[in-house]
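At position 32 of the sequence shown (counting the first as 1) the number is 863 in this note's numbering, and the numbers step up by one without a gap.
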Amino acid sequence: MDILKRIGAIFYPPRCIFCSRVVHYNETCCPDCKARLPQGSEPFFPEENSCLSGCCAPFFYKGVVRERLISFKSVRHRELGHAFALLAAPGVKAALGETRPLVCCVPNFEPEQRRVYNPARVFGRALAKELGLPFEGALLIQTRKKQAQHMLSARERLHNVEDLFAVALPELSEGRDILLCDDIITTGATLNACAKALLQAGAHRVFGAGCARSGQSANLHDGEKSG
Ligand SMILES: [Zn+2]
């Protein structure tokens, strides 16, 4: 597989997803971007964390990271989900240690969920592959339509996701550690609501992972051009 990747890279050199510079065949981000992007890889607990045993995301949601994630979500650039999974994998691996969870994702509300584009599923599947972990995209279901979370206050977000999720395959999650994936982690209300459903269905612990998290970067070189 590796040799095919190398040969492919001769004809179609891989490029940095942030600045388009040609990169090593196994990379998705150039060293310059790695150094200047809003790194958020330290494990964290979101505001709404009562059901989560910790979360990981490689970046803060700002600057060029935000631009690429908008492409991933709205323009359906699936390859960006794979690239973010590669970038997230080392931090998630370090946070999990010896834990080998089942990977799942925040679901869409659609009658036939598997056929509808869900960036959280694209990211989760790619992250599971990268970490050599099992993935089940249909573990959770969303039971009704919800209002877009970004339009709501923190309190309204919580209310909006209350009892919104259910475990469709409890036999898979019972007694197991779960790695729950979403594209962007904001207050964590959605992740927490999913984690609550998983714990009620008998899961052991639930960890969260995303492409990026909202909040402030501790890194001065936060990806925005400084004046
Ligand atoms: Zn770059």
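Ideal placement from N, C-alpha and C gives every residue a C-beta, glycine not left out.
All figures in this text were calculated on a predicted structure; none of them were measured in a lab.
Is DSSP giving residue i helix, strand or coil here?
i, result
"Asp994", "coil"
"Gly1041", "strand"
"Cys860", "coil"
"Phe940", "coil"
"Gln1031", "helix"
"Leu835", "helix"
"Val934", "strand"
"Leu962", "helix"
"Glu910", "helix"
"Val953", "helix"
"Glu929", "coil"
"Ala808", "Not covered by the structure: residue 808. The range shown for the chain is 832 to 1058."
"Ser905", "helix"
Tell me, to the nearest whole angstrom, how far the beta carbon of residue i is from that of residue j; I am working on the premise that it is less than 8 Å.
i, j, result
"Ala920", "Leu983", "Their Cβ separation, rounded to whole angstroms, is 31 Å, which puts Ala920 and Leu983 out of contact at 8 Å."
"Val934", "Phe966", "5 Å"
"Pro932", "Leu1010", "4 Å"
"Pro877", "Ile1016", "6 Å"
"Ser905", "Phe1038", "At roughly 27 Å, the Cβ-Cβ gap does not stay under 8 Å, so Ser905 and Phe1038 are not in contact."
"Ala1043", "Leu900", "6 Å"
For residue i, which residues of its own chain have a beta-carbon under 8 Å away from its beta-carbon, when the five flanking residues on both sides are left out?
i, result
"Cys861", "Cys847, Phe849, Cys850, Arg852 and Val854"
"Lys924", "Leu962"
"Gly1006", "Gly1033, Ala1034 and His1035"
"Leu911", "Ile848, Arg899, Leu900, Ser902 and Phe903"
Which partner residues of residue i appear in the DSSP bridge assignment?
i, result
"Arg846", "Val853"
"Gln973", "Phe996"
"Cys886", "Phe875 and Gly1039"
"Gln870", "Phe890"
"Leu918", "BP columns for Leu918 are empty, so no partner."
"Ile1061", "With the chain covering 832 to 1058 only, the question about residue 1061 has no answer from this structure."
"Gln1011", "The sequence shown places Leu at residue 1011, rather than the Gln named in the question. According to DSSP, Leu1011 bridges with Cys935 and Gly1039."
In chain order, what residues of the same chain have a beta carbon less than 7 Å from the beta carbon of residue i, not counting five sequence neighbours either side?
i, result
"Thr930", "Asp1008"
"Pro1001", "Ala1032 and Gly1033"
"Lys1056", "Bear in mind that the predicted position of Lys1056 carries a pLDDT of just 33, short of 50, making it too unreliable to give a figure here."
"Leu917", "Thr859 and Glu961"
"Lys976", "Phe940"
"Val998", "Leu970, Leu971, Ser1004, Ala1028, Leu1029 and Ala1032"
"Ser881", "Asn1023"
Skipping 5 residues on each side, what residues in its chain have a beta carbon closer than 6 Å to that of residue i?
i, result
"Leu989", "Ala1020"
"Leu1051", "Here Leu1051 scores only 36 on pLDDT, less than 50, and its place in the model should not be relied on; the value that follows carries that caveat. Counting only Cβ-Cβ distances below 6 Å, and skipping sequence neighbours, we find nothing."
"Cys1025", "Val937, Leu971, Phe996 and Leu1011"
"Asn857", "none"
"Arg909", "Val953"
"Gly928", "none"
"Ala914", "Ile848 and Thr859"
"Val947", "Asn939 and Glu941"
"Ser1045", "Tyr892 and Thr1017"
Which residues have a Cβ closer than 7 Å to any heavy atom of ligand 1, listed in chain order? Matched residues: Cys847, Phe849, Cys850, Arg852, Cys860, Cys861, Asp863 and Cys864.
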